[in-house]
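Protein chains in written order, with our numbering: chain Z, 2 to 322; chain B, 2 to 322; chain X, 2 to 322; chain H, 2 to 322.
Using N, Cα and C, we set each Cβ at its ideal position, and we do this for glycine too.
Remarks on the structure that follows.
There are 4 protein chains.
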Amino acid sequence: MAMATHHFRPQRYYTTIGPHEPVLRIADGDSVVTTTVDSGGRDASGDQVTPGGNPQTGPFFVEGAEPGDALVVTLDQLVPNRRTGLSGTTVAPGVLDPDFVRLLPEFAIMLWDIDTATGTARPRKLDEPHDGLVDPPTPLEHLVLPLEPMVGCFGVAPARGQAISTATSGPHGGNMDYRGFAQGVTVLLPVAVPGALFHIGDGHATQGDGEIVGTGIETSFDVRFTCRVAKGVGIRWPRGEDRDYVFTVGNARPLDQAVQHATTEMLRWLEEDFRLDLRSSSTLMGQAVRYEVGNVYDPAYTMVCKMPKRLLPERPGDGRG
Amino acid sequence: MAMATHHFRPQRYYTTIGPHEPVLRIADGDSVVTTTVDSGGRDASGDQVTPGGNPQTGPFFVEGAEPGDALVVTLDQLVPNRRTGLSGTTVAPGVLDPDFVRLLPEFAIMLWDIDTATGTARPRKLDEPHDGLVDPPTPLEHLVLPLEPMVGCFGVAPARGQAISTATSGPHGGNMDYRGFAQGVTVLLPVAVPGALFHIGDGHATQGDGEIVGTGIETSFDVRFTCRVAKGVGIRWPRGEDRDYVFTVGNARPLDQAVQHATTEMLRWLEEDFRLDLRSSSTLMGQAVRYEVGNVYDPAYTMVCKMPKRLLPERPGDGRG
Amino acid sequence: MAMATHHFRPQRYYTTIGPHEPVLRIADGDSVVTTTVDSGGRDASGDQVTPGGNPQTGPFFVEGAEPGDALVVTLDQLVPNRRTGLSGTTVAPGVLDPDFVRLLPEFAIMLWDIDTATGTARPRKLDEPHDGLVDPPTPLEHLVLPLEPMVGCFGVAPARGQAISTATSGPHGGNMDYRGFAQGVTVLLPVAVPGALFHIGDGHATQGDGEIVGTGIETSFDVRFTCRVAKGVGIRWPRGEDRDYVFTVGNARPLDQAVQHATTEMLRWLEEDFRLDLRSSSTLMGQAVRYEVGNVYDPAYTMVCKMPKRLLPERPGDGRG
Amino acid sequence: MAMATHHFRPQRYYTTIGPHEPVLRIADGDSVVTTTVDSGGRDASGDQVTPGGNPQTGPFFVEGAEPGDALVVTLDQLVPNRRTGLSGTTVAPGVLDPDFVRLLPEFAIMLWDIDTATGTARPRKLDEPHDGLVDPPTPLEHLVLPLEPMVGCFGVAPARGQAISTATSGPHGGNMDYRGFAQGVTVLLPVAVPGALFHIGDGHATQGDGEIVGTGIETSFDVRFTCRVAKGVGIRWPRGEDRDYVFTVGNARPLDQAVQHATTEMLRWLEEDFRLDLRSSSTLMGQAVRYEVGNVYDPAYTMVCKMPKRLLPERPGDGRG
């Protein structure tokens, strides 16, 4: 099967993930090269081309994907495509002790210089005062952060004909804001409608755990991804894989419930694909599991449950090879 | 000031952390070499010498420590001192989707061989059947885990004359079950009573994030720790430091509240010791913070908020040399 | 203005609340007489006429309703229209201590006789065995419960073009499963799209607090409701009013967050309509507020915050008269 | 057996509930007439006689009470014994949407006149300005609230030798701040130490659900209570009974977990004393249970699960008669 690469230039964007008219139909195994606007709807030129709120490129219809399958998406390339980004400058009230909230400074946005050549981001002074924008505070003037590009929001059309805001997340993916969704990672999503309808957007040049200021360094991206269909691979929550780990993703509040979803999904995965009975998987996870916080900012929080591949049995061919 | 090293052999153990009669008085800066029994009360010989429930060695009275100070404890050495450990073999019901709980196998304990020479732990077959003990399940028969010794439970006498069960945790420390409390780490605890009254126990040869099977690999330890007093360093939650990170510890349920405590405490610390105003610390944490899950098993959950030291300003001399 | 009463016979039903094609356009002040199917899609004859999942009658387009207004719906009549209902017979695992879950009997449904003449419901024996249905357990054979009909799920199209599953709830209303949504109650909902698009369904002949078995006594209803538009009355969460109380409704998990939404919305309401500054409203609520649990079963839990009208100041004409 | 009535005048007070030296030994069935200071440590004269923090009268040693029994306490009389009380005037930040917190006025205390003759409480103007005290806001100047006296904090020594702050609550009781703990109610508490060691304090002239301003109308009380021992009645959480309801009490955070504790305890009670198997109790609770919020302010929140006695089977003699 010859895999095609599609170059797609978005004309419109959605701020829900749902059963929208597909912008492109691709075959199982095809790749797409396209762009995403930043969370505020600004493109590579910095122009606002669509209203904000994590606007999504897509949806892409993947032929052969049917409810009950998993869509397997490899994030082949995630590259900021402009030289500026924005971030919040105050920790979200919901992440702080309630009686500390009154001490917070006013919400404001700060600019960053993004340099993909050096792989760094630096706080950027304003050319002139803007409402709601602040200059980098003095202690951060010489800060240099490494770029670790990731996508905050992507997913497939949810079950039951729902169209769900890109502010939040669920079994279908959505606004998970997990910094582990980086270049090279492969993600599985539960297909709920024919064609899966994959959406993607909300690039971050980098982001801390939890997205606790409500943003990463928000910017527009050049992206390339490849979609395959894993027939009959019924999953309940997003799953992912990088070089060293397999991981599962729970999206819910409180974080405890996100832990429950992610942990249960990992037990299921270890049984289905790695042939570990529940006592084996429990014992192993007990001593080797890692958790990472996606976000503790959005309406649904995101918790990731990871297992190191070197400790897991060989998988029989799992249809995703 | 000449620092002394005290060799202490425990005669009794406590399953609360509280204002108990000190077993030893030490000077500011002194070190203690002692032992801890495992969570079930078994010592280096495997004999049960005290009832289970995370029995603590101590308390140690540190001269000069007064309410309003911080006790600074360096975990100099944490070494398993017998060749066997125990772990749970089923993920705790509270960490799973409620409707998955019925699929769990029966609770049972498994043995491990601990080899400090090779730095490994391996599942161990039973010599003969025991009630409540199971053989390693077949898929784990050849598993080898690296030792990463840590202490699950330690702390100082809490405020208000309380004596708090070593099953749980709070501002005073306690049963945090965080695998980052490893050899070489320095921990700060808020002193609430004269002498601080430091307790320590519950060694784990290793443990996954979250302690989701309710145990690490539980075993007895040889420990060495050093206590200093940071006068007037008022902290609200445990703080710690290793080579690369400073971190704060929140203990509460749900995990969201533990996040709030740890994050707020980090903002306070960055302001007090690193001279970062709230907008600077917020902005920096937003893009660089890391969270680690201590436990999601005990009555209070534990969340750790970490900041990489390389991104922080130089600290003025902070009395903790 | 002459108010019309529309008699509407539903032909199709939705299991999302969203921007669906209206089934009827009505004027501000009009009433609708119609029917709802039960949560499983069964009508007055007991025939399954649509798939289950809280199918909704509607949506009804209310002329003049615009984003920023409140839709004011009076539930004029809520009457079960068949003689049978169904309920769950096991408390939901999520409402129980996790280690108790394994003791639960198998999930099963029980039938009830509904008698609107006597206003009672009684457990009903099966005519013949059915899979998934159980006979009333012996201790309940003579149980008689009073009917307290209510609607579990209703709402208006949500913001941002979303279509949200009728399994859950949010600012737009939805599956709140609050037994206080009974005949005679007036509800305010935040209008997010032109015409508001009111949906209604999921009648319960009665229900305990929390809907802890996952159901009330589920049955089909004859309903009559009246819709008015409160222009410019911007609300964030559903509000309601009965003879003695005003109340606000928060939908979220954990229940703590639902408490936050409902309490904050009540403070806003007391300020906007009752002219109570925050210190007055706080002081009064502190000693007089009542909370009621809607549901602790659905993906979002529901908490209701109530204030007795006799303790509140007179309202100036509030546009809802 | 002749029951005695003991008149006890407290000399000292505790701000933990724990294994303190008993102030009085009483027989099974005896009554105690005594007084409690208010949460701030002020007595009937308004004098501060002990530090604040819900100081407790007691503990009372009840002869015959052993671990594994329940202590049955009837709150015979709860009467405010001075003419003034105090309350908070701002809703606690933790009960509000995090982004609303900054709108709160400064924390301050208000005085109330308490009139047991008319059974009313009214806001009271200050005789002269005091730091931290405010005059009643104008809209509340003519407010009259009915007295509904209750005790916020009481309990027995907890398990494991713990001494737990009277700021919080647990299986042993403690600071539950539930307005249903009113005169005439009978409460069961799980005995963990010989003699049970009953403590009582923190009277409120009235209180709203949730204690959302952090206080009821705090005042000192004359109290009379009667203690009996229910041998071998093993309970896990406080239980209570009034004329119409039996109820169980869960103390935890988040509120969801308090719901789990209270609901599970009710299922246990219905099985043990009312002979309802789990399917019967589930079915009945599903349609008839009521929940009430104790507090959503203290470190542990309190949720009460109630069942109407008229719907329950006759109890066989339950040893508490």
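Spatial distance of residue i from residue j (CA atoms)
{"i": "V305/Z", "j": "W238/Z", "result": "11 Å"}
{"i": "P56/B", "j": "V24/B", "result": "14 Å"}
{"i": "T75/B", "j": "G215/B", "result": "26 Å"}
{"i": "P317/Z", "j": "R316/H", "result": "59 Å"}
{"i": "A118/X", "j": "I201/X", "result": "24 Å"}
{"i": "V186/X", "j": "R311/H", "result": "27 Å"}
{"i": "D261/Z", "j": "R269/Z", "result": "Note that residue 261/Z corresponds to Gln in the displayed sequence, not to Asp. Approximately 12 Å, taken between the alpha carbons."}
{"i": "S283/H", "j": "D70/X", "result": "41 Å"}
{"i": "D98/Z", "j": "D257/B", "result": "10 Å"}
{"i": "D251/X", "j": "K307/X", "result": "Residue 251/X is actually Gly in this sequence, not Asp. Distance between the alpha carbons of G251/X and K307/X is about 12 Å."}
{"i": "R229/X", "j": "V297/X", "result": "30 Å"}
{"i": "I27/Z", "j": "A231/Z", "result": "15 Å"}
Residue-chain proximity (residue i, chain Z), Cβ-Cβ < 7 Å
{"i": "P94/H", "result": "yes"}
{"i": "D100/H", "result": "yes"}
{"i": "T303/B", "result": "no"}
{"i": "R103/H", "result": "yes"}
{"i": "L112/B", "result": "no"}
{"i": "S324/X", "result": "Since the displayed chain X opens at 2 and closes at 322, residue 324/X lies outside it and no answer follows."}
{"i": "I213/B", "result": "yes"}
{"i": "D278/H", "result": "no"}
Bridge partners - residue i, DSSP secondary structure assignment
{"i": "K307/Z", "result": "F248/Z and R291/Z"}
{"i": "T121/B", "result": "D116/B and P147/B"}
{"i": "L190/X", "result": "L72/X"}
{"i": "P81/Z", "result": "F222/Z"}
{"i": "Y15/X", "result": "Q57/X"}
{"i": "F155/H", "result": "G175/H and I201/H"}
{"i": "I236/X", "result": "Bridge partners of I236/X: none, in fact."}
{"i": "V230/X", "result": "L72/X"}
{"i": "N96/X", "result": "With the sequence shown as reference, residue 96/X is identified as Val, and Asn is not the correct amino acid for it. In the DSSP output, where bridge partners are listed per residue, V96/X has none listed."}
7 Å Cβ cutoff, residue i in contact with chain B
{"i": "A66/H", "result": "no"}
{"i": "P255/H", "result": "yes"}
{"i": "T264/Z", "result": "yes"}
Residue i at chain H interface by Cβ criterion, 7 Å
{"i": "Q163/B", "result": "yes"}
{"i": "R321/B", "result": "For R321/B, the predicted structure reports a pLDDT of 41, less than 50, and the residue's modelled location is therefore unreliable. A value from the coordinates is still provided. Not one chain H Cβ lies under 7 Å of R321/B."}
{"i": "T16/B", "result": "yes"}
{"i": "L207/X", "result": "Note on residue identity: the sequence assigns Thr, not Leu, to residue 207/X. Yes, contact with chain H."}
{"i": "P138/X", "result": "yes"}
{"i": "V297/X", "result": "yes"}
Exposure label - residue i; buried when at least 16 CB within 10 Å
{"i": "S166/Z", "result": "buried"}
{"i": "Q12/Z", "result": "exposed"}
{"i": "E107/B", "result": "exposed"}
{"i": "R240/X", "result": "buried"}
{"i": "K126/B", "result": "exposed"}
{"i": "D245/Z", "result": "exposed"}
{"i": "T139/H", "result": "exposed"}
{"i": "P81/H", "result": "buried"}
{"i": "L104/H", "result": "exposed"}
Min CB distance residue i to chain X below 7 Å
{"i": "L290/H", "result": "Checking the displayed sequence, the identity of residue 290/H turns out to be Val instead of Leu. Yes, contact with chain X."}
Amino acids of chain C, ordered along the chain, whose beta-carbon sits closer than 7 Å to that of residue i
{"i": "Q258/X", "result": "Annotation note: the requested chain C is absent from the structure, which comprises protein chains Z, B, X and H."}
*In the stretch 20 to 77 of chain B, which residue ranges form an unbroken beta strand (DSSP E) of at least 3 residues, counting only runs that do not cross its ends?*
Entirely contained in the stretch 20 to 77 of chain B, the beta strand (DSSP E) runs reaching 3 residues are, in chain order, 25 to 27, 32 to 37 and 57 to 63.
*Length at least 3, wholly inside the stretch 194 to 220 of chain B: the beta strand (DSSP E) runs in chain order*: Segments of the beta strand (DSSP E) lying fully in the stretch 194 to 220 of chain B: 199 to 205.
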